[in-house]
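Enquirer: Numbering (this note's numbering), first residue to last: 74 to 374.
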């Protein structure tokens with residue numbers, strides 16, 4: 074197996090394998106893989122006409138094979154590779170659907186440990202657009218105050234407003250990122266590159282203005298599953314009341330027509346982010362975890 078670091082030049086080939094699948098997981102969005110690769114080692118290989126990713130999670134682990142080829146043979150080849158290297162066979166980002174496929178191919182020889190911090194938040198697009206119901210009453214109030222207090226507008230990210238959006242992101246960084254918070258700085262770097270290369274990556278962006286100034290922005294793209302849109306980035310000035318729920322709603326209204334679900338990705342165990350994501354009442358959580366051979370789990374114990 075020959076593994077390669079994914080770059081912009083590889084987007085077309087990676088997409089060609091992902092497009093033949095139907096997962097809502099944000100792990101299989103090409104833009105995410107390319108953008109985060111500079112911080113989290115990720116390589117891909119074509120194995121038996123499937124695409125497999127290798128990361129440094131849990132030492133060394135592999136994604137579920139994607140594409141038209143023989144998935145069982147691809148996995149057997151990965152297992153042989155692990156045996157040859159003398160490392161444990163571990164797969165990452167495994168959903169319940171993938172776990173069932175593994176059982177159909179190999180029987181009940183694997184164990185999956187699901188990680189709550191890595192679960193994707195999946196919402197109904199209609200509910201994020203309307204914010205109807207008693208439980209989302211507070212969100213509607215914040216939006217109404219925003220509308221009452223500002224002359225506002227929404228526009229799609231384009232070449233004319235790109236530099237202004239980047240300036241807004243840098244201002245947000247100065248206000249919200251402490252020097253020691255390395256993960257926050259990595260996220261801002263990824264956000265910046267999303268804005269710079271949005272066309273090359275096939276991303277869609279939205280911008281919220283208040284009294285002429287950009288106060289919020291969001292970036293995303295359709296998931297591998299055609300009924301789901303994935304939101305990769307959302308930033309707004311916290312001191313502008315209602316800016317966050319407003320950019321959230323406007324991005325959904327303008328860019329997600331025709332989608333059933335919205336994937337707002339994981340919270341990575343961050344308490345404040347978890348509280349914010351839960352406050353929008355997800356329809357369900359897309360659980361993901363690490364898969365190992367039961368025999369190897371027993372040996373570790």
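No residue lacks a Cβ here, since even glycine has one placed at the ideal position from N, Cα and C.
Have a look at residue 376 and residue 143 and give me their C-alpha separation to the nearest angstrom.
Expert: This structure does not reach residue 376, given that the chain is present from 74 up to 374, and the question cannot be answered.
Enquirer: Whole angstroms is fine: what's the gap from residue 107's alpha carbon to residue 285's?
Expert: Roughly 33 Å separates the two Cα atoms.
Enquirer: For a quick check, are the C-beta atoms of residue 124 and residue 113 less than 8 Å apart?
Expert: The answer is no: Cβ separation not under 8 Å.
Enquirer: Which runs of the alpha helix (DSSP H), 4 residues or longer, sit entirely within the segment 130 to 197?
Expert: The segment 130 to 197 contains these whole alpha helix (DSSP H) runs: 144 to 158 and 169 to 179.
Enquirer: In the DSSP assignment, find the unbroken beta strand (DSSP E) run with residue 268 in it and report its ends.
Expert: From DSSP, residue 268 is part of no beta strand (DSSP E) but of the alpha helix (DSSP H) over 255 to 269.
Enquirer: To the nearest angstrom, how far is the alpha carbon of residue 233 from that of residue 219?
Expert: Rounded to the nearest angstrom, the two C-alpha atoms are 25 Å apart.
Enquirer: Relative to the alpha-carbon of residue 98, which residue among 335, 368 and 79 has its alpha-carbon at the smallest distance?
Expert: Here the closest residue by C-alpha is 335.
Enquirer: Suppose the cutoff is 8 Å on Cβ atoms and the five residues either side in sequence are ignored; what does the same chain contact list for residue 347 look like?
Expert: Taken in chain order, the residues that qualify are 340.
Enquirer: Under 8 Å between the Cβ atoms of residue 329 and residue 290?
Expert: No; because the gap between Cβ atoms is not below 8 Å, this pair is not in contact.
Enquirer: Quick check: the Cα distance between residue 184 and residue 275, rounded to an integer number of angstroms?
Expert: Their backbone Cα atoms lie some 36 Å apart in a straight line.
Enquirer: Sort 105, 119, 109 and 85 by Cα distance to residue 74 and report the nearest one.
Expert: The residue with the shortest Cα to Cα distance from residue 74 is 119.
Enquirer: Report all residues from its chain with a CB closer than 8 Å to the CB of residue 338; omit the five preceding and five following residues, and keep chain order.
Expert: So the list reads 99, 193, 194, 303, 304 and 305, once near-sequence residues are dropped.
Enquirer: Once you ignore the five residues that flank residue 172 on each side, which residues in its own chain have a CB closer than 6 Å to its CB?
Expert: Within the same chain, residue 172 has close Cβ partners 185.
Enquirer: Can you give me the start and stop residues for the beta strand (DSSP E) that residue 282 sits inside?
Expert: Here the beta strand (DSSP E) through residue 282 covers 277 to 283.
Enquirer: Could you please give the first and the last residue of the uninterrupted beta strand (DSSP E) stretch that includes residue 103?
Expert: Element bounds for residue 103: not the beta strand (DSSP E) but the alpha helix (DSSP H), 103 to 109.
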